[in-house]
Amino acid sequence: MEHTNAFPFFNRGPSAVVRLAFFSLLSLLLMFVDARYQYLELGRTTLSVPIHALQRLATLPVDLWQQADAYLVTQGSLVRDHTQLLQQRTIDAAQLQQLQVLQAENEHLRSLLNVQQKADYSMQLAEIVYVERDIFQRKLLLDKGAQAGVLAGQVVMDDNGIVGQVTRVYPWLSEATLITNKDHAVPIQVLRNGLRSVVFGSGDTGQLALRYLPISSDIQEGDVLVTSGIDGTYPPGLPVARVTRIERDPAYPFARIQCTPIAGVDRQRQLLILSGLPKLPERPQVVEEVPSDQPKKGERGNL
Amino acid sequence: MSAHLPKDQEFLLPATPIFIAASLLVALLLNWLPWQGMWLTLRPDFAALVLLYWCTHKPYRVGIGIAWMVGILADVADASLFGQHALAYAVLAFGGIVLHRRVQMLDLRLQTLQIFPLLLLAYGVYAAVHWQVHGYVVWEYFLGSVVAALLWVPLTVLLQALRRPRGNSGQP
Numbered sequence: 001m002e003h004t005n006a007f008p009f010f011n012r013g014p015s016a017v018v019r020l021a022f023f024s025l026l027s028l029l030l031m032f033v034d035a036r037y038q039y040l041e042l043g044r045t046t047l048s049v050p051i052h053a054l055q056r057l058a059t060l061p062v063d064l065w066q067q068a069d070a071y072l073v074t075q076g077s078l079v080r081d082h083t084q085l086l087q088q089r090t091i092d093a094a095q096l097q098q099l100q101v102l103q104a105e106n107e108h109l110r111s112l113l114n115v116q117q118k119a120d121y122s123m124q125l126a127e128i129v130y131v132e133r134d135i136f137q138r139k140l141l142l143d144k145g146a147q148a149g150v151l152a153g154q155v156v157m158d159d160n161g162i163v164g165q166v167t168r169v170y171p172w173l174s175e176a177t178l179i180t181n182k183d184h185a186v187p188i189q190v191l192r193n194g195l196r197s198v199v200f201g202s203g204d205t206g207q208l209a210l211r212y213l214p215i216s217s218d219i220q221e222g223d224v225l226v227t228s229g230i231d232g233t234y235p236p237g238l239p240v241a242r243v244t245r246i247e248r249d250p251a252y253p254f255a256r257i258q259c260t261p262i263a264g265v266d267r268q269r270q271l272l273i274l275s276g277l278p279k280l281p282e283r284p285q286v287v288e289e290v291p292s293d294q295p296k297k298g299e300r301g302n303l
Numbered sequence: 304m305s306a307h308l309p310k311d312q313e314f315l316l317p318a319t320p321i322f323i324a325a326s327l328l329v330a331l332l333l334n335w336l337p338w339q340g341m342w343l344t345l346r347p348d349f350a351a352l353v354l355l356y357w358c359t360h361k362p363y364r365v366g367i368g369i370a371w372m373v374g375i376l377a378d379v380a381d382a383s384l385f386g387q388h389a390l391a392y393a394v395l396a397f398g399g400i401v402l403h404r405r406v407q408m409l410d411l412r413l414q415t416l417q418i419f420p421l422l423l424l425a426y427g428v429y430a431a432v433h434w435q436v437h438g439y440v441v442w443e444y445f446l447g448s449v450v451a452a453l454l455w456v457p458l459t460v461l462l463q464a465l466r467r468p469r470g471n472s473g474q475p
C-alpha cells in the first residue's frame, strides 16, 4: 500500500523552496566555474565514460539500419562507383605527379632561401559517432579520443576542406566544433589575390559570413577562401569556403558577404583529424604579424 | 485490492524505484537518439517530460534533487555547461511539485494546459542561460516544449498502464 506517501505531515526534510534555492545556487555556481575555469573537466571526463557508452547504445539502431542499407547496395551502383573511382584515381594520380614535382621544386627553392621547411602533417581517420542534439551548438563526436593521441585544438577536415576543430577530448571520443558554429572564427585568405580576413560561422550549417571587409575590397562571387595559417591553429592553404553572395550597400561601412563551406560540414561520416601540426619555431612570426591588424586579433578571442 | 481503480485514485498506483529509474533512463536514451535536422528542432525533451510526470504523480519520491542529477547527466551528454540542464530540470521539478495536487485533480487534456507553462519555463531557463553565456537565442528551440506538452497525454497513459498491476485482472 502506497497510501503513506500521500501524507505530507511527516518530516520530509527541507521544503521544496529551500531545495530549489539550494540546487539553483549549486547549478549557478557550477555553471560559473565551468564557463570561467577548467576545474570541472576531470569530473566531466569521468562521468562521460558511462554516458558515452549509453549514447552509443542509443545510436545502435540507426547504425544497424545504415549498415543494413549499405549491405543491400545493388551490383549496378557498385560497378558504377568503382569505375568512377578508378577514373578519379587516374586523374588524381596525374595531379599528384605534378604536385610532387612542384613540392620538390618548392623545397629546393625554400632551402635556397633558407626559409623554414613546411612540415607535412599526419592525419587520422575518424568516424562521426554522433551529431550533437543541442540545436544551439552543432557539435560532432568523433570516435578517436585521447587514447588515439587526439589533442584539443587539432583541425578536423574532410577530403574537400575544413570542417572544424577539436574542442574537447574524452578518453575514447573527441568533440569537434564546426566552423559554421555561431561566432566561430577562421582566419582566411582569398585564394585569388591573397586578401586576408576572418570568416565567421553563422549558426546555420550551410553558411559562413565574412564580416568587416570594406565595400571597396577586391572580392568577387565564386572566390575561394583558404586558411591563411596566421593563427597557428589552422595550417595554411586548406580550403574553407566559397563566396556565394556579396551585398555592397553604401549605407554600411562593410560589405555583407555570404559564403558556403566547401567541406560537407553536415554530410560526411568519415573525417580526418590533422595531427602533428606546426612546429613551434614558426610561432614568433605569427606574433610579429598580428599587430598589423589589431581588430581581427580582438575578434579571435572567441576561438 | 480492486482491479479497477476509480479515476481520481490513479495516482495511488504503485511505482517501484526501479521502475522510476528505468523510465528516466529510457527517456534519456530517447533524448540521445541521433536526431537530425528538422527532427532535432521538433524533438521534445523526453527526460523533462518524464521527470515532470514523476514530480506530479510521486512528488515525495522524485523531487528536485533527482531532477538535478538527471540534469547533470544530460549536461555531460550534451556537452552543455555543467548545471545548465540541471538548473532547468530543478525549476521544472519545483513547478511540478507545487502544482501536483492541481494536476492530479484535472483530466488529461486540462493537465496538458497546466504543464505546458512549466515546460516552457524550463526551456526558458535553459535558453536564458545560453543567452547569458553566448549572447544569442535560437527561437526554434521552444518548438520542442510545444511537442513535449502534446506528448503529455500519450506519456501519462503509457506510464499509468505500465504501473497498473497486471496480475490483478486474472486473480480474484
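The listed protein sequences correspond, in order, to chains A and X. Residue numbers for the first sequence follow our numbering, so the first one is 1 and each next one is one higher. Residue numbers for the second sequence follow our numbering, so the first one is 304 and each next one is one higher. Ideal placement from N, C-alpha and C gives every residue a C-beta, glycine not left out.
Residue range of the beta strand (DSSP E) that includes residue i
| i | result |
| --- | --- |
| A/Arg168 | Ile162 to Val169 |
| X/Leu255 | Because chain X in this structure spans residues 304 to 475, residue 255 of chain X falls outside the shown range and cannot be described. |
| X/Gly368 | That residue, X/Gly368, is in no beta strand (DSSP E); its alpha helix (DSSP H) goes Ile367 to Asp381. |
| A/Ala241 | Pro239 to Glu247 |
| A/Phe200 | Arg196 to Gly201 |
| A/Thr205 | No beta strand (DSSP E) holds A/Thr205; DSSP gives it neither H nor E. |
Helix, strand or coil at residue i according to DSSP, with G and I counted as helix
| i | result |
| --- | --- |
| A/Tyr130 | strand |
| X/Pro457 | helix |
| A/Glu335 | Outside the displayed span of chain A (1 to 303) sits residue 335 of chain A, for which this structure offers no information. |
| X/Val450 | helix |
| A/Ala6 | For A/Ala6, the predicted structure reports a pLDDT of 49, less than 50, and the residue's modelled location is therefore unreliable. A value from the coordinates is still provided. Of the three classes helix, strand and coil, the one that applies to A/Ala6 here is helix, per DSSP. |
| A/Gln189 | strand |
| X/Phe385 | coil |
| A/Ser228 | coil |
| A/Pro214 | strand |
| X/Pro468 | coil |
| A/Leu280 | Below a pLDDT of 50, predicted positions are generally treated as unreliable, and A/Leu280, at 49, falls in that range; the measurement from the model is reported next regardless. DSSP places A/Leu280 in helix when its eight states are reduced to three. |
| X/Ile321 | helix |
| A/Arg256 | strand |
Boundaries of the alpha helix (DSSP H) in which residue i is found, first to last residue
| i | result |
| --- | --- |
| X/Arg405 | His403 to Met408 |
| A/Gly43 | Glu41 to Tyr71 |
| X/Pro420 | Leu411 to His437 |
| X/Thr344 | Gly340 to Leu345 |
| A/Ser27 | Ala16 to Arg36 |
Where residue i falls, given that 16 or more other Cβ within 10 Å makes a residue buried
| i | result |
| --- | --- |
| X/Trp455 | buried |
| X/Gly340 | exposed |
| X/Trp335 | buried |
| A/Leu99 | exposed |
| A/Tyr170 | buried |
| A/Thr90 | exposed |
| X/Ala324 | exposed |
| X/Trp357 | buried |
| A/Asn106 | exposed |
| A/Pro14 | exposed |
| A/Met31 | buried |
| X/Arg405 | exposed |
| X/Ile321 | exposed |
| X/Leu461 | exposed |
Residue i Cβ short of 8 Å to the ligand GDP heavy atom set
| i | result |
| --- | --- |
| A/Glu41 | Judged by which ligands are present, the structure shown has none, so any question about the ligand GDP falls away. |
At a cut of 8 Å, does the segment 71-82 of chain A reach the segment 189-208 of chain A through at least three beta carbon pairs?
no
Compile a chain-ordered list of the residues in the segment 335-351 of chain X whose CB is closer than 9 Å to at least one CB of chain A.
Going along the segment 335-351 of chain X in chain order, one finds Trp335, Leu336, Pro337, Trp338, Gln339, Gly340, Leu343, Thr344 and Arg346 with a Cβ nearer than 9 Å to chain A.
With a cut-off of 8 Å, do at least 3 Cβ pairs link the segment 390-401 of chain X to the segment 13-24 of chain A?
yes
Under 8 Å, with one C-beta from each stretch per pair, do the segment 156-171 of chain A and the segment 260-269 of chain A reach the 3-pair mark?
Judged by pairs of C-beta atoms under 8 Å, the segment 156-171 of chain A touches the segment 260-269 of chain A, as three or more such pairs exist.
The segment 24-32 of chain A touching the segment 351-360 of chain X, judged by at least three CB pairs closer than 8 Å:
no
Against chain X, which members of the segment 29-43 of chain A pass a CB distance test of less than 7 Å?
Per Cβ criterion, the list reads Leu30, Met31, Asp34, Ala35 and Leu40.
Mind checking the segment 322-333 of chain X against chain A and listing, in chain order, the residues whose C-beta falls within less than 9 Å of any C-beta there?
Here the close residues are Leu328, Leu331, Leu332 and Leu333.
Across the segment 413-426 of chain X and the segment 362-378 of chain X, are there enough close Cβ pairs to call them in contact, namely three or more that are closer than 8 Å?
no
Do the segment 135-154 of chain A and the segment 174-181 of chain A meet, that is, are 3 or more Cβ pairs less than 8 Å apart?
yes
For the segment 32-46 of chain A against the segment 398-415 of chain X, do three or more pairs of beta-carbon atoms, one drawn from each stretch, fall closer than 8 Å, so that the two count as touching?
no
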